[in-house]
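So the sequence shown is residues 1 to 389, counted in the numbering used here.
For glycine and all other residues, C-beta sits at the position ideal for the given N, C-alpha and C.
This report refers to the structure that appears directly beneath it.
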Amino acid sequence: MFGKKNRKPLGLYIHIPFCKSKCDYCDFCSFVPNNKGVVEHYTDALILQMEDWSSRCRNYSVDSVYIGGGTPTYLDIRRIARIIDAAYSNFKIEKNAEFTIECNPATADYEYFKKLRRLGVNRLSIGCQSTHANELKALGRIHSFEQFKACFEDAREAGFDNISVDLMYGIPEQTEQSFIETLTAIASLGPEHISLYALKIEDNTPFAAMRDKLVLPDEEAEYSMYSHAVEYLATRGYERYEISNFCRDGAASLHNLKYWHCDDYLGLGAGAHSYFEDERFSTTRVVRDYIDGLEIIGSDINIVASSEKIDSAECMDEYVMLGMRLAEGIVVADFEKRFNTSFAEKYGYRFDEYLEEGFIIKDETGYRFSSKGMFVSNYILSDVLELGE
Ligand code: SF4
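In structure tokens form, the structure reads like this:
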């Protein structure tokens with residue numbers, strides 16, 4: 001029914017919930033497996049889930065694949081190869097699709113990277129967070145900056161010419177000076193992409209339990225770190241294209257752009273989230289339930305943790321909330337084409353107030369945050385969207 005040309009684009013996310021050790025701030029769906037059996041069963045279950053979804057995605061063309069975690073490179077290359085082969089067998093993955101895998105230093109070497117390249121992976125996202133030993137230790141990270149550098153160099157040598165590095169600010173013991181040193185060292189390596197997130201103390205993490213004892217930079221120091229990062233990275237050729245993401249030479253993450261543009265993506269694996277055909281749903285974070293639900297035929301274990309149909313009002317709010325995270329902001333013509341609704345009538349008047357205060361900029365294409373607006377964007381958006389209903 002759908003010719004190749006008419007297939008709709010789709011992002012595919014695959015979650016690997018295993019790590020070598022659990023970082024103290026982490027509330028992602030990840031754990032340290034206590035036996036190899038669970039890893040093998042999980043791989044089998046993931047492939048079964050791909051087979052289940054295969055026919056529903058016949059009319060989609062996958063233009064981005066993202067294997068995230070956890071630590072996907074915790075899996076040996078044979079298992080990763082099984083998962084990637086299954087993705088190619090069950091989905092129509094475009095020849096030039098962006099294909100990312102997350103990686104932690106000291107979990108992959110030159111040979112591993114070389115094999116990933118042969119399997120079609122063309123983008124790496126490596127977690128570094130800081131270049132300082134005391135900060136890495138305070139976060140509970142198990143690698144050193146030297147291991148990160150070795151990993152980065154191995155990846156380059158193996159042919160990865162699109163590498164993203166994750167960094168954090170607001171880390172215990174971090175100072176403005178140590179943050180500047182981290183930024184300088186990472187920019188000198190020249191990754192194509194940098195993601196920079198503020199540390200958040202999430203419930204049910206070791207950090208939440210020791211919240212009162214953590215020596216954290218205050219809000220003013222955090223603001224100064226973030227502003228410095230934006231200015232400094234611009235001098236090194238990195239454009240901020242989203243609140244927390246910077247790239248050079250146009251190497252924005254196509255996969256993440258799908259999230260911010262409210263485009264369809266399908267998440268497979270425990271704890272994965274999807275936005276597919278106007279429905280938002282997620283899979284159970286309980287790995288045992290996930291495996292049992294897929295492996296035991298006739299099992300009544302439901303692997304769906306949540307699901308909701310998104311109506312058009314919610315969809316508009318989400319589009320604005322996520323789109324405003326981008327440096328380009330909301331392109332009014334795109335909004336009106338998609339929703340057949342006047343942007344000015346629905347939201348414009350609320351933006352005008354922040355426009356006068358210099359938090360938002362309006363030009364001939366639409367609305368976007370100014371630099372000072374970006375830092376307080378969450379507050380502004382919750383105000384705009386609450387009153388925009
Ligand atoms: S490596 Fe990443 S996913 Fe694993 S525990 Fe640390 S922060 Fe969480």
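Check, Outcome
"So, helix, strand or coil for E111, using DSSP?", "helix"
"Excluding sequence positions up to five away, which residues of its chain have a Cβ less than 8 angstroms from the Cβ of C315?", "C262, D278 and F339"
"May I ask you to check if the CB of G348 is nearer than 7 angstroms to at least one heavy atom of the ligand SF4?", "no"
"Please identify the residue among Y42, G69 and E202 whose C-alpha is closest to the C-alpha of R82.", "Y42"
"State buried or exposed for N90, treating a residue as buried only when at least 16 other CB atoms are found within 10 Å of its CB.", "buried"
"For my contact list, S224 and I194 are in at a C-beta cut-off of 8 angstroms; report their separation, rounded to the angstrom.", "Not really, about 18 angstroms apart at Cβ, beyond 8 angstroms."
"Pop quiz: I67 and I14 are said to be a contact at Cβ under 8 angstroms. What is the actual Cβ separation, rounded to whole angstroms?", "5 angstroms"
"So what does S282 bridge to, in DSSP terms?", "H273 and S306"
"Could you check whether the Cβ of S30 sits closer than 7 angstroms to any heavy atom belonging to the ligand FMN?", "Among the ligands in the structure shown, the ligand FMN does not appear; only the ligand SF4 can be found there."
"Give me, in chain order, the residues of the same chain whose beta-carbon lies closer than 7 angstroms to that of S371; leave out the 5 immediate sequence neighbours on both sides.", "V230"
"Do you know whose CA, among E364, L266, A333 and S382, lies nearest Y354's CA?", "S382"
"Within the same chain, show all residues whose beta-carbon is closer than 8 angstroms to that of V304, passing over the 5 residues directly before and after it, in chain order.", "F281, S282, T283 and T284"
"Ordered along the chain, which non-local residues of its own chain (more than five positions away) have a Cβ less than 8 angstroms from that of D264?", "K8, P9, L10, G11, Y60, K258, Y275, F276 and E277"
"Can you tell me whether V331 is helix, strand or coil according to DSSP?", "strand"
"Confirm, please, whether the CB-CB distance from T107 to T71 is below 8 angstroms.", "yes"
"Using the three-state DSSP reduction, which class does D154 fall into: helix, strand or coil?", "helix"
"Looking at Y169 and L196, is the spacing between their C-beta atoms short of 8 angstroms?", "yes"
"Does the distance from the C-beta atom of P105 to that of C151 stay below 8 angstroms?", "yes"
"Give me whichever residues DSSP pairs with T100 in a beta bridge.", "Y66 and R123"
"Would you say F207 and D44 are within 8 angstroms of each other, going by their C-beta atoms?", "no"
"Less than 8 angstroms separating the beta-carbons of L392 and Q49?", "Outside the displayed range of the chain (1 to 389) lies residue 392, so it cannot be described from this structure."
"Which same chain residues, not among the five before or five after E318, have their C-beta less than 8 angstroms away from its C-beta?", "C262 and I310"
"Go to L75, then tell me how far its alpha helix (DSSP H) extends in each direction, as first and last residue.", "No alpha helix (DSSP H) holds L75; DSSP gives it neither H nor E."
"Is T71 close to the ligand SF4? I mean its beta-carbon at under 7 angstroms from any heavy atom of the ligand.", "yes"
"Which residues in the same chain as G269 place their Cβ atom closer than 6 angstroms to its Cβ, once the five residues preceding and following it in sequence are excluded?", "I14, H15 and L46"
"If you draw a straight line from the alpha carbon of L139 to that of I93, how long is it in whole angstroms?", "37 angstroms"
"I'd like to confirm the pairing. Which residues does DSSP put opposite G428 in its beta bridges?", "Missing from the structure shown is residue 428; the chain here goes from 1 to 389 and no further."
"Fully enclosed by the region 197-269, which beta strand (DSSP E) runs are 3 residues long or longer?", "239-242, 245-247 and 265-268"
"Hey, is C23 close to the ligand SF4, as in C-beta under 7 angstroms from one of its heavy atoms?", "yes"
"At a threshold of 7 angstroms, does G390 count as lining the ligand SF4 (C-beta to nearest heavy atom)?", "No answer is possible for residue 390: it lies beyond the span of the chain, which begins at 1 and ends at 389."
"Note down, in chain order, each residue of its chain lying with its Cβ closer than 7 angstroms to the Cβ of Y232, except the 5 sequence neighbours on either side.", "L183"
"Taking the alpha-carbon of P17 as reference, which of G271, M324 and D363 has the nearest alpha-carbon?", "G271"
"Is C26 near the ligand SF4, with its Cβ less than 7 angstroms from a heavy atom?", "yes"
"Please state whether the Cβ-Cβ distance between S64 and L254 is less than 8 angstroms.", "yes"
"Just to confirm, is the Cβ distance from Y425 to C29 under 8 angstroms?", "Since the displayed the chain opens at 1 and closes at 389, residue 425 lies outside it and no answer follows."
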